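In UniProt numbering, the protein residues as written are 1 to 384.
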């Protein structure tokens, strides 16, 4: 059996040489693809398929076993593979795919920020922040911190969910804390203090941080701030933030329960989208127009999380309305996938072995797009 990492690299290599690379796709990304194919909607800019290559039918296959299958997928014309960037059980993913997630109509509401609503919201392990393959403006890996200096929260906390953000100044030793803000899930700033760096400041980065010499001189010692933060949170507290590795590294805090809005709303090419861009798109609110404000940034993370929670509640509820697709959608047997009809979206479930049997009588049809959903190493992928 091939190792999962090798298998995925083989899948992704199908797209080598393409001007567009897919790394992560959400439900709404796939829905945009379906609308382009069946509703003549605008072609998604992330989609590597050209307008002239738009198919007229889709065979969507959920594979119950998916090891050593890169060669099989290639024979079915698959060129692109991306990881599904949602925390949805594999067994119900196709049901969720055809439900309206209401991104366009949802308004931020902190009432949705509750632990019981986080079932389908992925948390990020601390180490994953540095090894997930997610990048900002380059492919350079994040430098892993020296964890021997980091502390964990151990005591009980009254706060089950908080948002964290920091502002920094530039010192002779590099960037250091200048302000730390923690906001409760109700939107209240429960901690907001100015920090006096350990080393001489060479640039207050006022344009970005909003901090000045006069403000910083009134700050508290950084170690005092770290101690106070540890008193606020507990091991079960969920910390919400954007690019949280920067905040946790500054505080030298190791934590297990992290929700990173940068990971929740990844660009299809795997690139993080800035908090300001996400705020404008999903909240219709302009932030960081001038200096950053850690309180506003932390609150924005909570508002974005509330939008994501509403989306997940909607797509996982059998009572939600279905998306409007001008297609004949039907569940069918594997054998019936070999007949292609314009405007049809056929759905089947089979094993890799059953899929290979189809190759004996399969004849490629450029107007039919095969889409495969499968899991490898507990992660969900789509190939087409």
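Just so it is clear, CB atoms sit at the ideal spot from N, CA and C, and this is done for glycine as well. Note that this is a predicted model, so its numbers are computed, not measured.
Opposing strand residues paired with residue i [DSSP bridges]
i, result
"residue 241", "260"
"residue 175", "170"
"residue 201", "171"
"residue 344", "328"
"residue 349", "62"
"residue 103", "Answer by DSSP bridge pairing: none, since residue 103 is not bridged."
"residue 282", "Note: residue 282 sits in no beta bridge, so no partner."
"residue 181", "165, 192"
"residue 153", "The partner list for residue 153 (beta bridge, DSSP) is empty, contrary to what the question assumes."
"residue 254", "152"
"residue 394", "In the structure displayed, the chain extends from 1 to 384; residue 394 sits before or after that span and is not available."
For residue i, the nearest candidate out of the options (CA to CA)
i, options, result
"residue 364", "338, 354, 120", "338"
"residue 349", "99, 221, 334", "334"
"residue 359", "75, 384, 114, 96", "75"
"residue 207", "161, 330, 305, 290", "290"
"residue 361", "343, 381, 336", "336"
"residue 317", "84, 32, 119", "119"
"residue 305", "128, 47, 185", "185"
"residue 295", "226, 194, 214", "194"
"residue 232", "372, 380, 183, 169", "183"
"residue 245", "42, 146, 45", "146"
"residue 168", "211, 21, 161", "211"
"residue 369", "71, 41, 353, 61", "61"
"residue 352", "33, 73, 59", "73"
"residue 226", "79, 109, 330, 152", "152"
"residue 121", "88, 161, 319, 127", "88"
"residue 292", "303, 209, 221", "209"
"residue 110", "319, 303, 347, 374", "303"
"residue 372", "366, 220, 128, 93", "93"
"residue 284", "21, 29, 104", "104"
"residue 281", "108, 171, 367", "108"
"residue 47", "217, 30, 230", "30"
"residue 129", "256, 21, 218, 223", "256"
"residue 171", "161, 197, 148", "197"
Residues near residue i in its chain [Cβ-Cβ closer than 7 Å; skip 5 each side]
i, result
"residue 102", "310, 311, 314"
"residue 378", "none"
"residue 86", "26, 27"
"residue 247", "164, 165, 166, 241"
"residue 150", "252, 253, 254"
"residue 24", "82, 83, 85, 266, 268, 270"
"residue 77", "364, 370"
"residue 215", "194"
"residue 90", "375, 380"
"residue 189", "181, 183, 295"
"residue 366", "none"
"residue 218", "194"
Unbroken beta strand (DSSP E) run spanning residue i, endpoints
i, result
"residue 171", "161-171"
"residue 386", "Here the chain has residues from 1 to 384 only, and residue 386 is not among them."
"residue 82", "81-84"
"residue 196", "189-196"
"residue 382", "379-383"
Residue span of the alpha helix (DSSP H) that contains residue i, given as start and end
i, result
"residue 207", "206-209"
"residue 299", "294-315"
"residue 93", "93-97"
"residue 39", "27-39"
"residue 330", "Residue 330 -> not in any alpha helix (DSSP H); beta strand (DSSP E) instead, spanning 328-331."
"residue 146", "Premise fails: residue 146 is in no alpha helix (DSSP H) and is neither H nor E."
"residue 216", "213-217"
"residue 70", "70-75"
"residue 229", "222-232"
Neighbourhood of residue i by C-beta, 6 Å cutoff - its chain only, sequence neighbours within 5 removed
i, result
"residue 136", "Annotation note: pLDDT 47 at residue 136 (below 50); position unreliable, coordinate value reported separately. 272, listed in sequence order."
"residue 276", "287, 288"
"residue 124", "258, 260, 263"
"residue 421", "What the structure shows of the chain is the stretch from 1 to 384, and residue 421 is not part of that stretch, so it cannot be assessed."
"residue 106", "307, 310"
"residue 69", "352"
"residue 356", "72"
"residue 279", "285, 287, 300"
"residue 139", "Reliability fails at residue 139, whose pLDDT of 45 lies under 50, so the model's placement of it is uncertain and the value that follows must be treated cautiously. No residues qualify anywhere along the chain."
Contacting residues, own chain, Cβ-Cβ under 8 Å from residue i (five flanking each side not counted)
i, result
"residue 341", "57, 328"
"residue 228", "191, 193"
"residue 299", "163, 183, 187"
"residue 332", "346, 347, 348"
"residue 213", "201, 204"
"residue 384", "78, 79, 80, 369, 370, 371, 372"
"residue 42", "36"
*asked:* Would you call the region 241-254 in contact with the region 98-118, where contact means no fewer than 3 C-beta pairs closer than 8 Å?
replied: no
*Evaluate contact between the region 53-61 and the region 32-39, counting only Cβ atoms and requiring at least three cross-stretch pairs below 8 Å.*
yes
*Quick check: the region 88-103 against the region 319-330, are there 3 or more CB pairs under 8 Å?*
yes
_Across the region 223-237 and the region 155-170, are there enough close Cβ pairs to call them in contact, namely three or more that are closer than 8 Å?_
yes
*Stretch pair the region 168-180 + the region 192-205: three plus CB contacts closer than 8 Å*: yes
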